[in-house]
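K.L.:
Be aware that the sequence shown starts at 378, since it is given in the working numbering, and climbs by one per residue.
We put the beta carbon where it would ideally sit given N, CA and C, even for glycine.
Note that this is a predicted model, so its numbers are computed, not measured.
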Amino acid sequence: MLGPASRYAGLRGIEARLNHSSTNVESRTVTVPDQALLEALVDHSELLIVVLDLEGRVVNFNHACEMLTGFSAAEIVGRPIWTTLIPGVEVAAAQNATQRLSTEGLPSTFVSHWLTSDGQQRLLHWRNTTLLDPDGKPQRILGTGIDITYQEQAEAKRQHGAQQLRKLIDTLPGLVARLDRDFHVRFINVNSRHWFGLDTNAEMGKHIRDVIGDGGFNVLRPGFAQALAGSDATYHGPVPYARGGTRFIHGTCMPSHDERGKIDGIYISALDITEQQALRQQLADEMRRGRTILDHAIDGTIIIDERGIIQHFNPAAERIFGYEAAAVLGHNVKLLMPEPVQSDHDDYIRRYLDTGEGRIIGSGRDVTGRHRDGSRIDLHLSIASFTENDETLFVGFTSDITARKAAERRSRDHLRELAHLDRRAGMNELTTGLAHELSQPLTAIRATAEAFLARLEKGQVPPESLSKALQQISLQAARAGEIIHSVRSFLRKDAGHGADAHDPNTMINTVLKLLSHEIETTGVKVVRNLNDNIGHCMAHRVQIEQVLFNLIHNAVEAMANTEAERVLEIESRFDADTTSCCITVTDSGPGIADGHFERLFDPFFTTRPQGLGQGLSICRSIVEQHGGTLTAANDPERGARFTLMLPSFQEGKDHDSEER
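#1: Do Gln923 and Ile995 have their C-beta atoms within less than 9 Å of each other?
#2: Taking the alpha carbon of Arg586 as the reference point, which residue from Arg747, Gly614, Pro599 and Ala619 has its own alpha carbon closest?
#3: So, is Gly513 buried or exposed, given that buried needs 16 or more other C-beta atoms within 10 angstroms?
#4: Is Ile523 close to the ligand ATP? I mean its beta-carbon at under 8 Å from any heavy atom of the ligand.
#5: Please say whether Cys959 and His913 have beta carbons closer to each other than 9 Å?
#6: Which stretch, first to last residue, makes up the beta strand (DSSP E) that contains Tyr371?
#7: Report all residues from its chain with a CB closer than 7 Å to the CB of Arg434; omit the five preceding and five following residues, and keep chain order.
#8: Out of Gly638, Phe625 and Ile675, which has the shortest C-alpha to C-alpha gap to Gln658?
#9: In three-state terms, what does DSSP make of Asp721?
#10: Taking contact to mean at least 3 C-beta pairs separated by less than 8 Å, is the stretch 699–719 in contact with the stretch 747–764?
#11: Does DSSP put Gln654 in a helix, a strand or coil?
#12: DSSP on Thr475, reduced to helix/strand/coil?
#13: Does the distance from the C-beta atom of Asp755 to that of Asp777 stay below 9 Å?
#14: Ile321 to Ile453, Cα distance in whole Å?
#15: What residues are listed by DSSP as bridge partners for Cys958?
#16: Rounded C-beta distance between His627 and Ala602? I'm assuming under 8 Å.
#17: Looking only at C-alpha atoms, which of Gln1002, Glu940, Thr955 and Phe978 sits nearest to Arg1015?
#18: Could you tell me if Leu892 is buried or exposed, where buried requires 16 or more neighbouring beta carbons within 10 angstroms of its beta carbon?
#19: If you count every other CB in all the chains shown that lies within 10 Å of the CB of Gln920, and 16 or more means buried, which is it?
#20: Measure the C-alpha to C-alpha separation of Cys680 and Ala704 and round it to an integer number of angstroms.
#21: Measure the CB-CB distance between Leu478 and Asn505 and report whether it falls below 9 Å.
#22: Going by alpha carbons, who is nearest to Arg727 out of Gly685, Gln472 and Lys711?
#23: Tell me whether Asn437 sits in a helix, a strand or coil according to DSSP, three-state version.
#24: Please report the distance separating the alpha-carbon of Pro599 from that of Pro617.
#25: Who are the Cβ neighbours of Ala604 in its own chain at under 6 Å, not counting the five residues just before and after it?
#26: For the alpha helix (DSSP H) containing His930, name the first residue and the last one.
#27: With a threshold of 7 Å on Cβ separation, who are the neighbours of Asp880 within its own chain once the five nearest residues in sequence on each side are excluded?
#28: Give me the Cα-Cα distance between Ala471 and Gly551, rounded to the nearest whole angstrom.
#29: Comparing C-alpha positions only, which one of Gln540, Ile518 and Asp510 sits nearest to Gln476?
#30: Nearest to Thr883 by CA position, among Gly900, Asp767, Ala854 and Ile947, is which residue?
#31: Start and end of the alpha helix (DSSP H) containing Pro715?
#32: Give the C-beta separation of Ala916 and Ala876 to the nearest angstrom, bearing in mind that I take them to be a contact with Cβ-Cβ under 8 Å.
#33: Please list the terminal residues of the continuous beta strand (DSSP E) segment that includes Glu452.
#34: Could you compute how far the alpha carbon of Gly638 sits from the alpha carbon of Ala533?
#35: Does the beta-carbon of Arg943 have 16 or more other beta-carbons within 10 angstroms, so that it is buried, or is it exposed?
#36: Verify whether the separation of the beta carbon atoms of Leu431 and Leu445 is less than 9 Å.
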């Protein structure tokens, strides 16, 4: 009556209900019953019942129809059904159905819409038949229907949900499939095409063995059987697939249930983690190799976490600190440190984690450790940081340098001994100059004393003259005392044992005073370019004076045979780039031969027949122990130039401790 049922092929269950409700009009024609009985049946039925004449006009419109549409029977009866109840797009179909029933008289089913009084549309399923008169001719058309609007909406939602679910499953990175109890494929997602190169439609209904091969089926079959028995099963490992080769998978099988709760198959979900497994294996191999290297390293290796807790302690570390790994793992690394470093260590870590600034991270330095027996160990420590599982870890590489430190102490003692001997050797060359320097004040003292003794004998000494003479004697005696004091300080074996802040200009002037006689007798002109703002340097005074003594003495000697003007230029300045005090000694001699530069500071190298070749070697060692540098070059305009750089003294800085 309203539209072809083929447009709603998915509603067979609803159709069955309607067929059951109208068995007495299903496949045969009926005659018109008693009018009163028919009207009572029509009005009390829950079915929608409408009776039309052969022109499509409504003859009967039961109470169920009124309740559904909101129209009363009086508004509908006598009018063609399509003028009020049928949407415009479906009118032609309704008219055609009415025409066929009028002429052919065969029962039929339709699904179409009715309009309600408030403009809504209701979807209805109809069962139509023809009522015959006593002569067997069509007289009326009887339609019985049910409202399937909500069922249709629910079905549409179900189908939409199924489509969305299918799209979701098809986008999953792994394989998703459903097998029946006989292991035939009933569903397989699109992504399996990329896994196996399959046509998913072609695989439907096939046995899973034919899809993945005998090898893969035999590996996975125990999990299939476990799922059919009612339990979830998991497989993690390699599977030899017929297509695609062996793949490493992580898969799960779980039972599938029908509407009665009985197991009717299994669901399969699997991820291909072959590449991840290869990377994981590679990482594991690298970690094993790394651990093997660490365990066999000569240096001690200690790994700690953000709290300072020891995570790794290799055999070399066991030998250095005297602890077995089991005794320190899980303990704070402060266990291996003496005070005061032990108390401050947690703050170092916290400061690095908060600011990213760690002055020891990425560098190496000498530190002191604590042995299990409580003794101190000299160590060289390098620290690096890395991130693992979003946590910062620190790895320390340490070596025991106790023997090296002892050797360095012996070397320093030996150097001091050599320096002392070198100073004494240098004083042999000063003997003549010292005699000359001392002879002047001593001669003046003697002459003044003899003159006044003679005048005393004659009674010719006024008091004011005596006072002036005594002052002159005292002044000359003080001058002699200064000369002797300078020589004694220079020769003292343990002089300058401790570093302190000193004015470089004062040390330069002291050395020039010691060498003044040699400078004068050689005819050397001294040019002093001393910067008063140079500040102070950290130095063992006498050691640096010895370096300056050697440099200036060598410069004077180099100019001894020069016919040109003999000029010794000494410059001092502050170098801002290196925060150092810079002293240069430049002579106007012949300079340094090109072949001598590489060996100039080597022990026992000398260009003087009577020299031992220790002077410049000792000088560089002294300067480097001060944290400075000593270099040599030829001046572009004249002879050789030696440059001495010493760390500047900075107020408030602890020059005796290493920075962490």
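P.N.:
Looking at the atomic coordinates:
#1: yes
#2: Ala619
#3: exposed
#4: Questions concerning the ligand ATP fall outside what the structure shown contains, since it holds no ligand whatsoever.
#5: no
#6: Within the shown structure, residues of the chain are numbered from 378 to 1037, placing residue 371 beyond reach of any answer.
#7: Gly455, Arg456 and Pro457
#8: Phe625
#9: helix
#10: yes
#11: helix
#12: helix
#13: yes
#14: The shown model of the chain, from 378 to 1037, leaves out residue 321, and the question about it has no answer.
#15: Phe951 and Leu1023
#16: Between Ala602 and His627 the Cβ distance is about 19 Å, and since that is not below 8 Å, they are no contact.
#17: Glu940
#18: buried
#19: buried
#20: It is worth fixing the name first, because residue 680 is Ile in this sequence and not Cys. Distance between the alpha carbons of Ile680 and Ala704: 15 Å.
#21: yes
#22: Gly685
#23: strand
#24: 15 Å
#25: Ala610, Cys630, Met631, Pro632 and Ile643
#26: Arg918 to Ala935
#27: His913
#28: 51 Å
#29: Ile518
#30: Ile947
#31: No alpha helix (DSSP H) holds Pro715; DSSP gives it neither H nor E.
#32: 6 Å
#33: Note, Glu452: premise wrong, no beta strand (DSSP E); alpha helix (DSSP H) at Ala450 to Ile453.
#34: 25 Å
#35: buried
#36: no
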